[in-house]
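Written out below as structure tokens is the structure these notes cover.
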Amino acid sequence: MRSHAGGRPSSLGAEAPVRAVRATPRPAAPPGARDPLPSAPVKANGASAFRTVPRTGVIFVTAEATRRGYDGHDSAWCNLGQGQPETGLIEGAPPRVEEVVIDPRDRDYAPVAGLPELREAVAAMYNRLYRRGMPSQYTAENVAISSGGRAGLTRAAASLGRVNLGHFLPDYTAYEELLDIFRAFTAIPILLEPERGYAFRPDDLRREVAGRGLSALLVSNPCNPTGKLIGGEELSGWISVARELDCALLMDEFYSHYVWSHVPGPLPMESAARYVEDVDRDPVVLFDGLTKNWRYPGWRVAWTVGPRTVIEAVTSAGSFLDGGGSRPLQRAAVGLLEPDVVEAETRAIHECFRRKRAWFVNRLAEIGVELDRPPEGTFYAWGNLSKLPPPLRDGMGLFERALDHKVITVPGVFFDVNPGKRRSPQASRFHSYSRFSFGPPKEVLEQACERLEALVAEARNE
Ligand SMILES: Cc1ncc(COP(=O)(O)O)c(C=O)c1O
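Basically our numbering = 1-based index in the sequence shown + 22.
Quick look at the structure:
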């Protein structure tokens, strides 16, 4: 295959227009101008066949910090841009896995859909946690394993037909490229309003799905970055609308065990699986994995759960996209889904992160960072910076200044997902926002907040 910027493999069966735009270096922004596209193209050296691939927000901020000496381990730095939870032992959690024995059978490829025993363990876990006593139960055939969540989402995006797919603003940065790379479907943005605390009720969903002709919808729940949770009756209402209007809900539940508001059931976790009636008919597809909810982002073990026909489609996509996940780690993951382990890990996460959340949200308020809504889920605070002095009231300004103090934050504009960069970068509603992660250990948060406070005091005196 030869293609220029924006070209794509013909095996995906579409005639994408060739767009050279991304290969063109951007002119330097005028001094003082907002430059929300610092994901400046990474030039492919001497390879004119390649397009320039923008970096996702978190990768961009890490790269910028690295240029200034951050190496990921230097304790002088505080990484509030961190997209992962702390991965060490936390009080009450089962011991961390420190060794994985490789069975000789695991030298072979894993099946693209995943090891049968892990698929079964995932199905059993959903039935146990969310579907007790319900006539329709998930089986291994409702589960596909992928190497990480983005691989699962990519398989799903590659399997969509020529439909309108709704997605929310703001939402997870990686959706931006994901929603642009497979041109079969059309990505339609839906605005969430800060003034309404990013609420989106079943009636709003009905209006958007029917009005814009959406056949699919992608959403992170709880939401990265706002921390908004759709749970309980509201989530049940969403699923009724999806069932009635035949709109596939792609529910990214990577933070579903980081839930801070009340949810049904004995454990602090929520999933659309609780409200699905028929697992093979309801158009509901779930994405989750070990990345956040088990605190093993490096394992790259994730799953997609949904109707059998969807699982067959995403598995076919996986066979050309990635070839399946790591076999030894899938085998090792089975033990992590044991009921006692899931319960202990979830309770420990809840205790540890609930305390960090309460402390962090207060501390941010003292510094002058306001939240449109306290996070009901995730380990992020979506900070409104408009009460801070300039230049800190701009997410990029804060990011730049905080780097000087070895604190990493993620500017809000990165979450204003803009597939294909069709919207002007100036036109974002989230210039004055920043995402602050309370994924790191408490000591790191404390140090970071002290430095941010000093930074704000400094800016007020300028
Ligand atoms: C909302 C959301 N979904 C999915 C993922 C995917 O995780 P991974 O590909 O690292 O497993 C992330 C990671 O940051 C996320 O924030």
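Backbone N, C-alpha and C fix where the C-beta goes; we use that ideal spot for every residue, glycine too.
Per the DSSP calculation, residue i is bridged to which residue(s)?
| i | result |
| --- | --- |
| H189 | P211, L240 |
| L308 | M273, V327 |
| L393 | G405 |
| V281 | G399 |
What whole-angstrom Cβ distance do residue i and residue j have, given they're in contact under 8 angstroms?
| i | j | result |
| --- | --- | --- |
| G253 | V298 | Not quite, the Cβ-Cβ distance comes to about 14 angstroms (not below 8 angstroms), so this is no contact. |
| E113 | A370 | 6 angstroms |
| R457 | K250 | About 13 angstroms; that fails the 8 angstroms criterion. |
| F204 | A179 | 5 angstroms |
| P247 | P192 | 6 angstroms |
| I333 | N164 | 6 angstroms |
| T431 | L102 | 5 angstroms |
| K428 | C100 | 7 angstroms |
| P116 | E367 | 6 angstroms |
| L351 | W316 | Going by Cβ atoms, the distance from L351 to W316 rounds to 12 angstroms, so no, they are not a contact pair. |
Tell me whether the beta-carbon of residue i lies closer than 8 angstroms to the beta-carbon of residue j.
| i | j | result |
| --- | --- | --- |
| H189 | V478 | no |
| T195 | F452 | no |
| G346 | P133 | yes |
| F276 | F382 | no |
| L201 | L236 | no |
| V323 | G340 | no |
| P224 | S168 | no |
| E488 | P433 | Nothing about residue 488 can be reported from this structure: the residues present for the chain run from 23 to 484 only. |
| R385 | D128 | no |
| V307 | L257 | no |
| V144 | W260 | no |
| G171 | F82 | no |
| L425 | L414 | no |
| G399 | P244 | yes |
| F16 | Y280 | The question about residue 16 has no answer here: the residues shown for the chain are numbered 23 through 484. |
| A238 | V185 | yes |
Since residue i is in the alpha helix (DSSP H), which residue starts that stretch and which ends it?
| i | result |
| --- | --- |
| V83 | 79 to 89 |
| R482 | 464 to 482 |
| S70 | Unbroken run through S70: none, as it is neither H nor E. |
| L359 | L359 -> no alpha helix (DSSP H), and no H or E assigned at all. |
| D202 | 197 to 203 |
| W321 | Unbroken run through W321: none, as it is neither H nor E. |
| I261 | 254 to 267 |
| L227 | 224 to 234 |
Examine ligand 3 and report whether any of its heavy atoms sits within less than 7 angstroms of the Cβ of residue i.
| i | result |
| --- | --- |
| S278 | Inclusion of ligand 3 in the displayed structure is not the case, the ligand content consisting of ligand 1 alone. |
What beta strand (DSSP E) runs, 3 residues minimum, are completely inside the stretch 398 to 459? 402 to 406, 455 to 459
Those runs of the alpha helix (DSSP H) which lie wholly inside the stretch 89 to 127 and span at least 4 residues: none
Complete beta strand (DSSP E) runs within the stretch 148 to 183 (minimum length 3 residues, chain order): 165 to 168
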